[in-house]
Every structure is written in structure tokens, then in C-alpha cells.
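Below is one structure, written out as C-alpha cells; the observations come after it.
Chains as they are written, first to last, in our numbering: chain A, 1 to 470; chain V, 1001 to 1206.
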């Protein structure tokens, strides 16, 4: 227990009150110091560093609007669609709350994708920030679960058939799949039971996990300190510090970055409000038109596609056809042979690798392409968790990597956008080929990273961060 | 911390054994307590009981028309095929993945429907199938018009196209090769109660 502090009887009422609380809840004051007033963040942050704070803001918006929507929404297959229309038409200002929530979902993914890209280019996932990154990836997974289950709730045609397709993906898993899909749906088809449990997951179970992960993400971040665009450690043993031991290249989060973030928040809210008021459906991307038709279990809409933030993964799912399996088998065999020829290791290991490759190929021939499609889609997200151990570049930040790395990251982004675009389009033979090449590139980018990230001459990294006073 | 750690001699092994045993018992109890919670995810008794058979009157169905009824929450199609459509079925055989409905016969095709038209011999022209694609569960759309059209081959003989991932089925619900859907459309158990009265969901006359 901390020492009990006495205060002069002449102190002001405010000071006395503060002292009363500080003696009874010192950890709150300690938390304020550790995370706000004495959390030193690098002074060279650029605009990429706003998206973490914005993600927090959107999280708050989603929770608050979600609470108010829950007051009017009915998680019942017979009433759900009507209750959402009721919110839109009859509840005073209900349309605003609903549009904030639906636009917030898309905004969340915009902000989080940019936040993740920032981490990617500045090497923010590298030692000692591996756990920050892993908690972040887990948050991303939770967000996907939130978005998927939340999308069922309006019980429109896209809600219904989207859920039908995604739940049936689980049925593709050999042996346990069909039973697993049954457990998820709680009925033989997507129905009232499914809607009710998705509601429960969406409003309480997943948000609780999400909040826990956000706390873990921030704690891990504040323990190891933020990275910065130069990838230079400002708190390391050799980093320059002032007489009190505070890093010379750091500034306290409060007031410097709180004020800085308020500016970013203002810009964000301008764009966010503009969308809410003038384009809440965003041309059918944020709210798909087919979802204004009540769910009809007897008729699938002519064109179904997931909401835009899932489409890159959906493209990869569609890319895995029985033809594509031969390309994947060639990749597995190629990788196995290459690793045996190229690396020095005991013969036993070589045997294990070759044997493993043969088993995998046998499975790839035996099990339906549908299952591998599901595996590729899941793998596209799961592979992100391993990024800290895939990157072997001697420098963290893209600033000091060989120039061609920048182009490679550029192609990666373009590839991701192309996959996203193809995912909203109806299936076509050309689209299928392009998405197959895109899928191979996506996985090649990550799986070959231990090799290509080492290539080329890194530029010298300065000992202090690059910063011009302004 | 280090000075509060008891050195080895101070550890009471019997207490430690009991701690471990209690921990294990607690874990078993925790897992056991999770079983009822996970079990609630299963379909309820009401959902299981909801699979009653459906009676359908098909007297109004004209050749070339399709009607849809709901059975166990799924669309069941009843299609009265024209003689021309029946004749066209043969032309597809070479392009089908499972023309003779041999795959998973116990789940997909009852014995009496294991023929070219996948229908009962009483009324071979009447097709009864569950309108759910065997890929990811979308409901395919009607493409009864023959000939070239978007997303379909030029020698199209009429059938169904799944809007989700482009799987195609012929007029007997048989899936074409090299499509995402692995299997033919499911033929539910059904029986004719009278000339134009169908019972879907049961194939033994009650």
C-alpha cells in the first residue's frame, strides 16, 4: 500500500479532493502517469500514426450506437427486418444512430487496414513489439467476427445468404464440418436460432473479448514503447536521454499527442459525417441494396457478394478451384525440394520435409477444393500473426530498406485492392485467373519474406529520429 | 520476489500433491461444466421436430413450369419437364460429374430416383429436388431457356445456374463437371398420394 499523504489544511477544496482520491485509489493516478502524462512517444510521428487513436474512437462510436440500437432491435426472424425499418422510420433520430453504426463498421475496417499497413511499412511488428502485433491481429479477427455476425441482424437477403454461404464454409472441413455447421446454425438451415445466437455474440460475447484484447494491445504497446517512421528505438539503453532519464526523442502523450489526435479526430469526423449524411449506403458498398429486401430462404439474389472489407479474402476463396489445386501442389512440391536442396540440415529432417510434402499432396488430391479454399481464406488472415518471424530485413522501417522494397509493398497493396475489387464482381473466367495469380502473390509475399527481405543493400539507419521542429 | 520463494526443503510435498490433484479435479469439473453450455448450440427439440412432411397439389403445374415449396426451411422445387427437356437430358451425360447419381446415394438420391431423369417412374417428367446448391448452400436460379447466354456454355440444354459461384445443373439437377459444386442437387424422399398430390419428406405411404 502506498503511503497515506497528508495535505495542508490551507489547501484548496480541489486539491483536498484530489488528495482524498489519491490516497484511496492511487492506481488510477499511476495509470494516468504511465499511459498519458509520462508515456513518452517518439516526436517524429507522421499522419500514419493517427489510425490507432481513430480505431479507438470508432470502437467507442460502435459501442455507444450499438447500445441504443439494441433498445429498439428485435432479434427474431419474424421481426428483425421490420424492427430495423422501424428504427429507420419511426424511432426519433433512429436513422442517424443506425447509419452511424453501419457506416462505423466500414470506417472501422478502413481505419484498421490503414493502421495495419502502417505497422507493415515501418516494421512495427518486429522485436520487441511482436505481442503488440499479435494482439492487434487477434483484434482484427474479432472485428471480422463482429462484422460478419452483425451483418446477419438486419435479416435482409444479403444477411441471410451471406451467412448461409459462410456457415457452409465450415461444413467443408473434413469429418467434423457438417456437425460444426449445425452447431453454429443451431438448426438445419440459417434461421431464428442462428439470428438469436449471432445477436448474443455480436452484442456481448465478442465485444467483451475485443475490449480485453484492446487493453492487452495498449498495455503491451506502452510497456515496449511505440515504434516510429524511422524504426529507431527512442527508449533503448543507448538512446539519448535527459537528466530525468526521459528520452530526448520522445514527448509525453498528454498533452502533445492528445492535442494532435484531436485534430486528426476532427478531420476524420468531417469525412465520417459527410458519409453518414450524404452517402450512408456508399453506392451499395457499405449497405448492399439487396439487403433492403427481407430474407427469403427460398430465393438467392442474382448476385451475392460480401461487404467490401471481406472481398479480398472472398476472392481468394473463389480462386481455389480444382484446376488451381494443381498449381498449389506444384508450389508445395517445389518448396519441399528447394528446402531440401538449398538448406543444410540432418538427413532425418530432409526426410521429414519430403514425407510431409507427400502427405500434404496426397491430402490435396483426396480432399475437395472447397475445403482448401476455406483453408486459404483463413490462412490469409492467420499468416499475419507470423509476420514478426517472417521478416528478416536488417532494418525495420521502409525508409532504410532498398528502394525496390517500396515497389514490392506497392504491388502488394495494388494486389490487395484488385482482389477486393474482384470479390465484389460476379464470377468470370478472367477474374478467376487474375484472382488466382493474386492469391499466389499474396501468399508468396509472406511465405517468401524470409528470403526476399534479406536481399539488397539496406541504407544506414540514423542513431536519432529524423525530426524538423515546426 | 526471490527471497519469498521457499527453498526446496521447505516445500511440503504432500500439500503440493494435493494442490496438483485439486487443480486437476477442478479442471475436469470446469470442462464438465462447459458441456451443457456447448450443448445449447445444438438444434433444439423444436427445430428437430419441425421436419414434418409437406403435402403439395401439383394439378395446376403445366409442362415447363416450376413451383417451390418449403420443407424443413429449404426450397423444394417441383418441375414438370417438357418432352423436349426430357430428351435433352441425354445430351448432357458426357459433361456431368455424376450422371448416374452414384455419389453419396443414401444422402442425395433415393433408390427410386437413381435414373436419368432422377424422378419416380410414375411420373418421370416431374422432378422433385431440394433447390440448394451442394457448394455453399445458395439457391440456384432457373435457366430453362436453351442456347448461349451469359455465364452459360453455348450448347446449354436448359437447367439451373447458381448465382453465388457459377455452378450449373441440368434439368435433372445433375451437376456439371469442373464447377465448384461437388454433387447433384438432393432429391428428397417423396411419394405420390394421388395422381396430382405429392407428399414431400416421406416416401412410404402412410
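Beta carbons: idealized from backbone N, C-alpha and C, even for Gly. As the structure is a computational prediction, the values presented were derived from the model and not from experiment.
{"query": "Where residue 1070(V) meets chain A, residues with beta-carbon distance less than 9 Å", "result": "297, 298"}
{"query": "Spatial distance of residue 162(A) from residue 468(A) (CA atoms)", "result": "50 Å"}
{"query": "Among 1066(V), 1059(V), 1088(V), nearest to residue 1141(V) - alpha-carbon criterion", "result": "1066(V)"}
{"query": "Residue burial classification, residue 1171(V) (beta-carbon count within 10 angstroms, cutoff 16)", "result": "buried"}
{"query": "From 252(A), 160(A), 75(A), 87(A), residue whose alpha carbon lies closest to that of residue 1074(V)", "result": "160(A)"}
{"query": "Buried/exposed call for residue 1167(V), threshold 16 Cβ in 10 Å", "result": "buried"}
{"query": "Interface partners of residue 301(A) on chain V, CB under 8 Å", "result": "1163"}
{"query": "Whole-Å CB distance - residue 240(A) paired with residue 464(A), under 8 Å assumed", "result": "7 Å"}
{"query": "For residue 323(A), the first and last residue of its enclosing alpha helix (DSSP H)", "result": "322 to 342"}
{"query": "Proximity test, Cβ basis, 8 Å: residue 1014(V) and chain A", "result": "no"}
{"query": "Chain V residues whose Cβ lies nearer than 8 Å to that of residue 26(A)", "result": "Neighbours of residue 26(A) on chain V: none; closest Cβ ~21 Å, over 8 Å."}
{"query": "Segments of 4+ residues assigned as alpha helix (DSSP H) that fall wholly inside the region 1147 to 1206 of chain V", "result": "none"}
{"query": "N-terminal and C-terminal residue of the beta strand (DSSP E) that residue 41(A) is part of", "result": "40 to 42"}
{"query": "First and last residue of the uninterrupted alpha helix (DSSP H) at residue 8(A)", "result": "Segment: none, residue 8(A) is in no alpha helix (DSSP H) and carries neither H nor E."}
{"query": "Residue range of the unbroken alpha helix (DSSP H) whose run includes residue 1022(V)", "result": "1013 to 1039"}
{"query": "Through-space distance from residue 1193(V) to residue 1206(V), alpha-carbon basis", "result": "The predicted position of residue 1206(V) is uncertain, since its pLDDT is 46 and thus under 50; a value taken from the coordinates is nonetheless stated next. About 9 Å."}
{"query": "Proximity to residue 233(A) [Cα-Cα], best of 111(A), 61(A), 361(A), 128(A)", "result": "128(A)"}
{"query": "Span separating the alpha-carbon of residue 271(A) from that of residue 203(A)", "result": "26 Å"}
{"query": "Reference residue 1129(V), options 1176(V), 1088(V), 1118(V), closest by Cα", "result": "1118(V)"}
{"query": "Residue 1142(V), DSSP secondary structure in three states", "result": "strand"}
{"query": "For residue 250(A), the first and last residue of its enclosing beta strand (DSSP E)", "result": "250 to 252"}
{"query": "CB contact below 8 Å: residue 76(A) versus chain V", "result": "no"}
{"query": "Chain A contact for residue 1106(V) (CB, 8 Å cutoff)", "result": "no"}
{"query": "Residues near residue 404(A) in its chain [Cβ-Cβ closer than 7 Å; skip 5 each side]", "result": "456"}
{"query": "Buried or exposed by the 16-neighbour rule on C-beta atoms within 10 Å, applied to residue 1018(V)", "result": "exposed"}
{"query": "Proximity test, Cβ basis, 8 Å: residue 205(A) and chain V", "result": "no"}
{"query": "Straight-line Cα distance separating residue 316(A) from residue 409(A)", "result": "19 Å"}
{"query": "Expected contact under 8 Å - CB spacing of residue 372(A) and residue 320(A) to nearest Å", "result": "5 Å"}
{"query": "Rounded C-alpha distance that separates residue 489(A) from residue 359(A)", "result": "Nothing can be reported for residue 489(A), as the shown portion of chain A is limited to 1 through 470."}
{"query": "Same chain only: Cβ atoms within 8 Å of residue 1175(V), ignoring 5 sequence neighbours per side", "result": "1096, 1097, 1098, 1134, 1167, 1168, 1169, 1181, 1182, 1183, 1184, 1185"}
{"query": "Contact set for residue 276(A): own chain, Cβ-Cβ below 8 Å, skip 5 residues either direction", "result": "96, 99, 100, 103"}
{"query": "Closest by C-alpha distance to residue 140(A), when choosing among 181(A), 217(A), 14(A)", "result": "217(A)"}
{"query": "Extent of the continuous alpha helix (DSSP H) to which residue 350(A) belongs", "result": "347 to 366"}
{"query": "Extent of the continuous alpha helix (DSSP H) to which residue 372(A) belongs", "result": "369 to 385"}
{"query": "Residue 404(A), DSSP secondary structure in three states", "result": "helix"}
{"query": "Chain V contact for residue 291(A) (CB, 8 Å cutoff)", "result": "no"}
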